[in-house]
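Encoded structure:
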């Protein structure tokens, strides 16, 4: 019995140690995203974007004499992990969070941040639901899938004047959400000859490719990311389907062109306006390249999200309410251009334009 | 089996000692300490508990004494577990809630894998059925409250268990394993595709927390205490069953199917019973998971999850109820501890899993073994020099 | 359409069959499911990628002979991958031979997590794209369109399977493998080094998996570190469908699974592709409890 008691005491002592200190003279900001797992590439781009912003602020002396530190929250693209990671970040005393990337993670995690009253600025979750929950803590610097789907649909029916399209998606919150919005925005003028979901992580899409070939659509729209998108484009071309391929921000990546190879030529994607060539983003691009290599398309969004958070913090101080008000009222101009938030936390100006692969790289067409 | 006398005993202490010297873990001593101390205690407790569950009549007297001890130890452990949230943060409570949920799940799986010796690779399917039943009943269609949904979730999973088990349990070993794997995948794929019903990849949001007599279990601590109680009840029921004639029949079937059949045990019915019971508790765990998260989506019910739960059972010690809990603690808490390894987290975790099995093939707590099985494995060893 | 789906199914089925053979070989001698086999296949694909990336450094005269280069890459990657199989067995399985039945399963899963993350860290999380080594011309014969690479995949998987049959049935080593598979104890009494034979079995399985990995990498053009997960589950299903432990069964199961997926996905909904595969598997097992070509009565767990 003595032994049991001894262990009990030790256990309690161990538990008592768990209350960690407030962190002293560091300001902590959270980075939550798929840092490992299937979407780790996106997560690392995000992390590097935030790192760059934090380094720049620290080089200027931090905020109010305090240095800024990053706390990582890895969600592995799994909503359950996202909630755990969110709890951890809140517990670590972060003043705000940049992330998550995947919509299926951002949405459940947003409830945790909302409860703690700390701001969450997503750099890449485009599903409309995220900001439709009436949380005053949710912001995003990217657009929404309903805006994106509309831009894509208008381009297909208005500019390209097509009549028959096939719609595919990857059965994720993001991919299917985007495909649905696209389909909805097409209205009745354009006929949707096929609407199907794929399995992520597969390599072989020949059944659906063969099926769609026989339906002879004039365009194939895909809601999903580049890994599957690239393979699809390639497999369509291999069996002689040469109609244009179109996707959302998920295929807006050099990886898409690499995977699809020559089959990517002529493919369309909807995304924000050019940042690589934009003068406002030149500083970002140069420093990012020097430190981490070629930026991913969402690196700049993470970078600006971090800057928005830190700028608001500098203005409002550490009071949670004031910080939220400051973010909502911000009139930010950075690498992405001007950013302002509406009452829901979405950006005021819908950022979507259409890009096209020409000569082996994406070019803005509209 | 390798002779690792040097390593086997104090492995926990070694592990703790190594971990403690890694710089990023220093400030997390709180997680290392329980492992070092807890490992020792668990060992000791496990011996008592296993002893208390041993069924040889000649040991009955000693068993009864140890059984009283085991109960006291379990009670003490539960008391500690119940007190922890009052001394720690919301994050720790959240992790502990996960540990407890997985413990229930692992305890449920342990009935088939550990006691009946049936390998189940798609156990998460039952968990998913339970979780979706609760989500549909309380949130999507708002037909009833949690207290009705909880047993209904268990019943739904049980029904699936019987429907699947009736044809499948006539198969042997690995063939049965893959049928269960198929079941788990089928459940997940349907959940992902029946959009209008299950919400597809978006899942179901806004599952309300239960209330006890008007008192909402909204706070994490209250909910944690609630699931801890559920675990206690589950463990109590399962250990009672192990001690009953059903439990003995299961073990007899596991040890030697032919002999068991020869003395008049209906092997198929015993298998089906354990399968259904296991499914029932799996469904209950799923229901608790749904209300814990407040939302569910098919991402939470992948094959990897099935494997994780199986790992908990095996890592803890096959057939040992205390082992299932220890395994759940290890497989949920250790990856959390390793969060600071960042990129290397899962790499280290994989390595640790291999090392554990190589150095401690019977699991942390040791299997619930009998003289008969020891002889059996010796035969196998001679068979494979 | 039907013949097109059939051809697509046979192509992907060839890949499944090659991986499934690895499961079946190991199961034959150890009565154990090697759950890390999917990762071995993934490692094989990466080895192929690394080797193919070295090709531009070769003298142009050698490079010109594309088929030879591919063959060399395939062979080298497969041999290297066989080493991975060898060490996998040595570290994760050998010391656990007498342990409880499920213990090796856990160490296999640990190894699988380790290998997956090892590749992610060393090779990056992004998809790796194979350089276009072959111009993939498409041919159309009647209603069927097929590509040159499809022909390569189908023919090489058939050649490899024939090679394995010869190895198992005609060589001394193959005879020893069959002996160990039938009765390890008796085999050891007859002077067969059982440990060595088990190692050889793992190496043979890994060899075939690596071939599948390289071929699939070249065919689809991109690989990533999560490749082994789906490939592993599918191939395992194929092995059981055919009757695990039976080599012909694994081949049959692989092709059958590929065809079921292609037809199910093509004529019904792609979303439920895997459901069809599992339903057919369950149906087959209910009527033939040991798989299509398995021994009657099945194996004792």
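Chains as they are written, first to last, in my numbering: chain D, 4 to 369; chain C, 23 to 407; chain L, 121 to 421. Cβ atoms here follow ideal geometry from the backbone N, Cα and C, with glycine treated the same way.
Quick check on DSSP: helix, strand or coil for residue 72 of chain D? strand
When you compare the CB of residue 155 of chain D with every CB in chain L, is at least one pair closer than 9 Å? no
Is the beta carbon of residue 316 of chain C less than 9 Å from the beta carbon of residue 334 of chain C? no
Roughly how many whole angstroms lie between the Cα atoms of residue 85 of chain C and residue 298 of chain C? With a pLDDT of 44 at residue 85 of chain C, under the threshold of 50, the modelled position of this residue cannot be trusted; read the value that follows with caution. Approximately 29 Å, taken between the alpha carbons.
Going by beta carbon distance, what residues of the same chain come within less than 7 Å of residue 246 of chain D, once the five residues before and after it are set aside? 220, 221, 222, 223
Within chain L, partners of residue 210 of chain D - CB distance below 9 Å: 125, 128, 129, 381, 382, 383, 384, 385, 386, 387, 390, 393
Taking 9 Å as the threshold (C-beta atoms), are residue 281 of chain L and residue 141 of chain L in contact? yes
Where the alpha helix (DSSP H) containing residue 327 of chain C begins and where it ends: 325-338
Comparing the C-beta of residue 112 of chain C with each C-beta of chain D, is any distance below 9 Å? yes
Of all Cβ atoms in chain L, is any one closer than 9 Å to the Cβ of residue 42 of chain D? yes
Mind pulling the chain L residues with CB within less than 7 Å of residue 358 of chain C? Neighbours of residue 358 of chain C on chain L: none; closest Cβ ~16 Å, over 7 Å.
Measuring only the C-alpha atoms, how far is residue 79 of chain C from residue 201 of chain D? Confidence in residue 79 of chain C is poor, its pLDDT being 41 and thus under 50, which makes the residue's placement too unreliable to answer from.
Which residues share a DSSP beta bridge with residue 54 of chain D? Its beta-bridge partners do not exist; DSSP assigns none.
For residue 35 of chain D, which option in D:161, D:206, D:77, D:297 has the closest C-alpha, if you only look at C-alpha atoms? D:77
How about residue 249 of chain C and residue 194 of chain C: do their beta carbons lie closer than 9 Å? no
So with CB distances below 9 Å, who are the chain C contacts of residue 200 of chain D? 214, 215, 222, 223
Taking its Cβ as the centre, do 16 or more other Cβ atoms sit within 10 Å of residue 358 of chain C, making it buried, or is it exposed? buried
Any beta carbon of chain C sitting closer than 9 Å to that of residue 372 of chain L? no
Quick check: what's the CA-CA separation for residue 128 of chain L versus residue 201 of chain L? 27 Å
Within the same chain, show all residues whose beta-carbon is closer than 7 Å to that of residue 234 of chain D, passing over the 5 residues directly before and after it, in chain order. 206, 208, 262
Beta strand (DSSP E) containing residue 1 of chain D: first to last residue? Residue 1 of chain D lies beyond the residue range present for chain D, which begins at 4 and ends at 369; the question has no answer from this structure.
Whose Cβ in chain C lies nearer than 9 Å to the Cβ of residue 28 of chain D? Under the 9 Å cutoff, chain C gives no residues; its nearest Cβ is about 16 Å from residue 28 of chain D.
Go ahead and pull the three-state DSSP assignment for residue 183 of chain D. helix
Does any residue of chain C have a CB that is nearer than 9 Å to the CB of residue 25 of chain D? Low local confidence applies: a pLDDT of 43 at residue 25 of chain D is under 50, so the model's placement there is unreliable, and no value is given.
Let me check you understand the geometry: is the CB of residue 247 of chain L closer than 8 Å to at least one non-hydrogen atom of the ligand FAD? As for the ligand FAD, it is missing from this structure, which has no ligand bound.
Can you name the residues that DSSP bridges to residue 293 of chain C? DSSP lists no partner for residue 293 of chain C.
For residue 322 of chain L and residue 366 of chain L, the rounded distance between their alpha carbons: 15 Å
Roughly how many angstroms lie between the CA atoms of residue 290 of chain D and residue 196 of chain D, to the nearest whole one? 46 Å
Can you look up residue 56 of chain C in the DSSP assignment and give me helix, strand or coil? Here the model assigns residue 56 of chain C a pLDDT of 47, short of 50, so the residue's position is not dependable, and the following value carries that caveat. Three-state result, residue 56 of chain C: helix.
Chain L within 9 Å of residue 367 of chain C, Cβ atoms only: yes
Pair within 9 Å by beta-carbon distance, residue 157 of chain C and residue 318 of chain C: yes
Whole-angstrom distance between residue 401 of chain L and residue 361 of chain L, CA atom to CA atom: 6 Å
Under a three-way DSSP split, which group does residue 366 of chain D fall into? strand
Give me the chain C residues within the contact set of residue 82 of chain D, using Cβ-Cβ distance strictly less than 7 Å, ordered along the chain. 319, 321, 322
Taking contact to mean 3 or more Cβ pairs, one atom from each stretch, closer than 8 Å, check whether the region 325-338 of chain L and the region 156-169 of chain L are in contact. yes
Could you tell me the alpha carbon to alpha carbon distance between residue 49 of chain C and residue 115 of chain C, rounded to whole angstroms? In this prediction, residue 49 of chain C scores a pLDDT of 39, lower than 50, which makes its location untrustworthy; the coordinate-derived value is nonetheless stated afterwards. Cα to Cα, the separation comes out at about 18 Å.
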